[in-house]
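**Q**
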Amino acid sequence: MKLISKSAEGLHGEIKIPGDKSISHRALICASISDGTSKISNLQESEDVINTLNSLKQLGINIIKENEFYKVEGKGFRGLEASENQLYFGNSGTGIRLMSGLLSIQNFSSSLIGDESLSKRPMKRIIDPLSKMGANISGSKEDTLPLRIIPSKKIYGINYRMPVASAQVKSAILFASLGAQGDTKIIEKSMSRDHTERMFEYYGANITYSEKETYLKETDKFTSQNIEIPGDFSSSAFFIVAALISKNSDITLKEVGMNPSRIALLDKLMEMGGDIQVFNHSLFGKEPIADLNIKSSVLNPCEVTPDDVPNLIDELPILFIASCFAEGISSFIDIEELKHKESDRLKAMQDGLNKMRIKNFLDGNVFCIEGMGKDYKSPNFLAETYYDHRIAMSFAIAGLNSNSSIEIASPESINTSFPEFIELGKKLGCNFEIS
Ligand code: S3P
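Be aware that the sequence shown starts at 0, since it is given in numbering that gives the first Met the number 0, and climbs by one per residue.
1. Could you tell me which whole beta strand (DSSP E) segments of length 3 or greater appear in the segment 115-141?
2. Look at the Cβ atom of residue 100, then the Cβ atom of residue 30, and state whether they are nearer than 7 Å.
3. In the DSSP output, which residue or residues are listed as bridge partners for residue 326?
4. Is any heavy atom in ligand 1 found nearer than 6 Å to the beta carbon of residue 91?
5. Run through DSSP, which three-state label would residue 261 get?
6. Considering just the uninterrupted stretch of the beta strand (DSSP E) at residue 94, what are its terminal residues?
7. For residue 37, which beta-bridge partners are listed by DSSP?
8. What's the gap between the Cα of residue 429 and the Cα of residue 252?
9. Could you check how far apart the C-beta atoms of residue 128 and residue 163 are, in whole angstroms? I think they sit under 8 Å.
10. Where residue 257 and residue 243 are concerned, what is the direct C-alpha to C-alpha distance, given to the nearest angstrom?
11. Our contact map puts residue 175 next to residue 95 with C-beta atoms below 8 Å; I'd like the distance itself, whole angstroms only.
12. Please name the residue, chosen from 227, 2 and 26, that lies closest to residue 40 on a Cα-to-Cα basis.
13. Could you give the C-beta distance for residue 389 and residue 309, rounded to a whole number, given that I count them as a contact under 8 Å?
14. Closest to residue 264 by CA distance: which of 153, 424, 380 and 304 is it?
15. Are residue 373 and residue 324 close, meaning C-beta to C-beta below 7 Å?
16. Provide the residue(s) that pair with residue 199 in DSSP beta bridges, ordered along the chain.
17. What do you reckon, is the C-beta of residue 165 under 6 Å from a heavy atom of ligand 1?
18. At what residues does the alpha helix (DSSP H) containing residue 57 begin and finish?
19. Tell me whether residue 365 is buried or exposed, calling it buried when 16 or more other Cβ atoms sit within 10 Å of its Cβ.
20. Could you tell me which residues DSSP puts in a beta bridge with residue 386?
21. In chain order, what are the residue ranges of uninterrupted beta strand (DSSP E) at least 3 long that sit wholly in the segment 220-270?
22. Ignore the nearest five residues each way along the sequence and tell me which others in residue 218's own chain have a CB closer than 7 Å to its CB.
23. Report, in whole angstroms, the separation of the C-beta atoms of residue 198 and residue 25, which I expect to be a contact under 8 Å.
24. Provide the residue span of the beta strand (DSSP E) that contains residue 313, from first to last.
25. To the nearest angstrom, report how far apart residue 37 and residue 368 are at their CA atoms.
26. Just to confirm my understanding: we take residue 426, look at its own chain, exclude 5 residues before and 5 after, and list those with CB closer than 8 Å. What are they?
27. If contacts are defined as beta-carbon pairs under 8 Å, then residue 17 and residue 290 qualify, I think. What distance do you get, rounded to the angstrom?
28. Using the Cα positions of residue 79 and residue 32, report the straight-line distance between them to the nearest angstrom.
29. Let me check one thing: in DSSP terms, what residues is residue 364 bridge-paired to?
30. Which same chain residues, not among the five before or five after residue 145, have their C-beta less than 6 Å away from its C-beta?
31. Looking at residue 296 and residue 273, is the spacing between their C-beta atoms short of 7 Å?
32. Counting Cβ pairs closer than 8 Å, one from the segment 327-343 and one from the segment 207-224, do we hit at least three?
33. For ligand 1, I want to know if residue 368 counts as a neighbour, meaning its beta carbon is within less than 6 Å of at least one of the ligand's heavy atoms.
34. Does the distance from the CB of residue 212 to the CB of residue 172 come in under 7 Å?
35. Measuring alpha carbon to alpha carbon, tell me which residue in 299, 192, 87 and 270 is nearest residue 233.
36. Taking the alpha helix (DSSP H) that residue 276 falls in, what are its first and last residues?
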């Protein structure tokens, strides 16, 4: 399959963005371990989320799609059943890390695997804290997949200072804490997304959380709840930037998740001079949502500081693209974590920026991009994506402002988080061609 993104005239119209990926994983898992039936609407139907859904089914949970929602019959914290086969999480770090926490408190063994990219990603970051809690979890010699979890006599709550700010690690610990003796306290250097905390609260857990500290008291059950999933802010980010950098654009995105731990990109883009209006504020469960209107804008460069990074970690590739169209040098400090995502995103983006003939350089822990201003047009080229969905979507958006087109290699990866990207993009006026 080939995706060609051709220069476009401007984006217009209103769309609803499909459900958030992070919240979809958590909704499925929390519903599965609650004490009754939960209905989930606007679940993200991406490969990543469907892999988590299938693994829960393999573990004995009944999940049925009924019209607009998924019905999940929860079986309590320890009600999962052993799976005969290995559990496959595809490309998803979130799926495998969250489920590792939950599987650590079960009284059966599990083996967890993933695709080629996930098989290379670091698992020591969860193996360490879970082992400290008493879990029997191990990976390969290099602490990568496959992960093997065998039942342990007892799991204890933990007082843990996280070496890297990571919502996946924090959440693995929180899920393991549901079967633990004693309370759990987690301290982070910078705030990471707090969807697990919000959902635990929604399901009745005894949890308190602030910017950098989470405290979970012993909790023995979750009360089933219906959940409506907000639109995915990270998916929206591609169209937000597309509208800002494409002339004569004016688009509206409906019911987008506005969790404060996820929307640093909005602040950055507004600081850069982006014309973005946020309105119709509301709540889905404990998660804030709003509608967004975005118009073409002249952008100034941005400065990303270490504290910003966890909050816009998934949006850095598309923020790099926005920076190419800003007037001047943008800087990004401490973005090392980008190397440990679905691909080495720093390298993948540098490769593509070089092909766009955008000057960029890495000086110690500072990455700089020299923007060419609003009239810049990218030369035509083939973007390597390393089977990484966010790299593919970032260069697809750059293509809208190219001399004529950018070709995207292995665009199938987009299905890991946003299968509707091409169709919704076309609806807004993106000139995407699939062959
Ligand atoms: C996620 C957390 C982030 C993010 C990922 C989703 C989550 O990863 O990059 O796409 O749902 O918890 P880290 O926690 O590893 O930074």
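All residues carry an ideal CB built from backbone N, CA and C; glycine is no exception.
**A** Let's see:
1. 135-137
2. Mapped onto the sequence shown, residue 100 falls at position 101. Mapped onto the sequence shown, residue 30 falls at position 31. Their beta carbons are not under 7 Å apart, which means residue 100 does not touch residue 30 by this criterion.
3. Counting from one through the sequence shown, the residue named residue 326 turns up at place 327. For residue 326, which the question treats as bridged, DSSP gives the partners 371.
4. Indexing the sequence shown from 1 puts residue 91 at position 92. Ligand 1 has no heavy atom closer than 6 Å to the beta-carbon of residue 91.
5. The residue you call residue 261 lines up with position 262 of the sequence shown. Of the three classes helix, strand and coil, the one that applies to residue 261 here is coil, per DSSP.
6. Along the sequence shown, one-based indexing puts residue 94 at 95. Element bounds for residue 94: not the beta strand (DSSP E) but the alpha helix (DSSP H), 92-102.
7. Locating residue 37 in the sequence shown gives position 38, counting from the first residue. Paired residues: 71.
8. For this step, residue 429 is matched to residue 430 along the sequence shown. For this step, residue 252 is matched to residue 253 along the sequence shown. Near 15 Å, if we compare the C-alpha coordinates of residue 252 and residue 429.
9. Looking up residue 128 in the sequence shown gives position 129. Looking up residue 163 in the sequence shown gives position 164. Incorrect: roughly 11 Å between the Cβ atoms, too far for contact.
10. As a working mapping, residue 257 is identified with position 258 in the sequence shown. As a working mapping, residue 243 is identified with position 244 in the sequence shown. Cα to Cα, the separation comes out at about 19 Å.
11. Indexing the sequence shown from 1 puts residue 175 at position 176. Indexing the sequence shown from 1 puts residue 95 at position 96. Wrong, their Cβ atoms sit about 14 Å apart, outside the cutoff.
12. Walking along the sequence shown from the start, residue 40 turns up at place 41. The option with the nearest alpha carbon to residue 40 is 227.
13. Sequence index remark: in the sequence shown, residue 389 carries index 390 (1-based). Sequence index remark: in the sequence shown, residue 309 carries index 310 (1-based). Not really, about 16 Å apart at Cβ, beyond 8 Å.
14. Your numbering for residue 264 matches position 265 in the sequence shown. Minimum Cα distance to residue 264 is reached at 304.
15. The residue you call residue 373 lines up with position 374 of the sequence shown. The residue you call residue 324 lines up with position 325 of the sequence shown. Yes, the pair counts as a contact, with Cβ atoms nearer than the cut-off.
16. Locating residue 199 in the sequence shown gives position 200, where the first residue counts as 1. Per DSSP, none; premise fails for residue 199.
17. Sequence index remark: in the sequence shown, residue 165 carries index 166 (1-based). Because some heavy atom of ligand 1 lies under 6 Å away, the Cβ of residue 165 counts as near it: yes.
18. Within the sequence shown, residue 57 is the residue found at index 58, counting from 1. From DSSP, the alpha helix (DSSP H) with residue 57 extends over 46-57.
19. What you label residue 365 is simply residue 366 of the sequence shown in a count that begins at 1. Counting Cβ neighbours within 10 Å, residue 365 comes out exposed, since fewer than 16 surround it.
20. As a working mapping, residue 386 is identified with position 387 in the sequence shown. Answer by DSSP bridge pairing: none, since residue 386 is not bridged.
21. 249-256
22. In the sequence shown, the residue the question calls residue 218 occupies position 219. Correct list, in chain order: 177, 204 and 205.
23. In the sequence shown, counting from the first residue as 1, residue 198 sits at position 199. In the sequence shown, counting from the first residue as 1, residue 25 sits at position 26. Contact flag correct, Cβ pair sits at about 5 Å.
24. Here residue 313 corresponds to residue number 314 of the sequence shown, with the count starting at 1. Careful: residue 313 lies outside any beta strand (DSSP E) and carries neither H nor E.
25. As a first step, residue 37 must be located in the sequence shown, where it is residue number 38. As a first step, residue 368 must be located in the sequence shown, where it is residue number 369. Each residue's Cα considered, the two are about 46 Å apart.
26. Within the sequence shown, residue 426 is the residue found at index 427, counting from 1. Beyond the five residues adjoining it in sequence on each side, residue 426 comes within less than 8 Å, by CB distance, of 12 and 14 in the same chain, given in chain order.
27. Taking the first residue of the sequence shown as position 1, residue 17 is located at position 18. Taking the first residue of the sequence shown as position 1, residue 290 is located at position 291. Incorrect: roughly 15 Å between the Cβ atoms, too far for contact.
28. Looking up residue 79 in the sequence shown gives position 80. Looking up residue 32 in the sequence shown gives position 33. Answer to the nearest angstrom: the Cα atoms are 8 Å apart.
29. One-based indexing of the sequence shown puts residue 364 at position 365. In DSSP, residue 364 forms no bridge with anything.
30. Numbered from its first residue, the sequence shown carries residue 145 at position 146. Counting only Cβ-Cβ distances below 6 Å, and skipping sequence neighbours, we find 110 and 112.
31. Position 274 of the sequence shown, counted from the first residue, corresponds to residue 273. Position 297 of the sequence shown, counted from the first residue, corresponds to residue 296. Yes, Cβ-Cβ distance for residue 273 and residue 296 is below 7 Å.
32. no
33. Residue numbering aside, residue 368 sits at position 369 when the sequence shown is read from its first letter. Answer for residue 368: no, Cβ out of range of ligand 1.
34. The residue you call residue 212 lines up with position 213 of the sequence shown. The residue you call residue 172 lines up with position 173 of the sequence shown. Cβ atoms of residue 212 and residue 172: not closer than 7 Å.
35. Residue 233 sits at position 234 when you count from the first residue of the sequence shown. 192 is the residue among 299, 192, 87 and 270 whose C-alpha sits nearest the C-alpha of residue 233.
36. Counted from its first residue, the sequence shown places residue 276 at position 277. Counting along the chain, no alpha helix (DSSP H) covers residue 276; the unbroken beta strand (DSSP E) around it starts and ends at 274-283.
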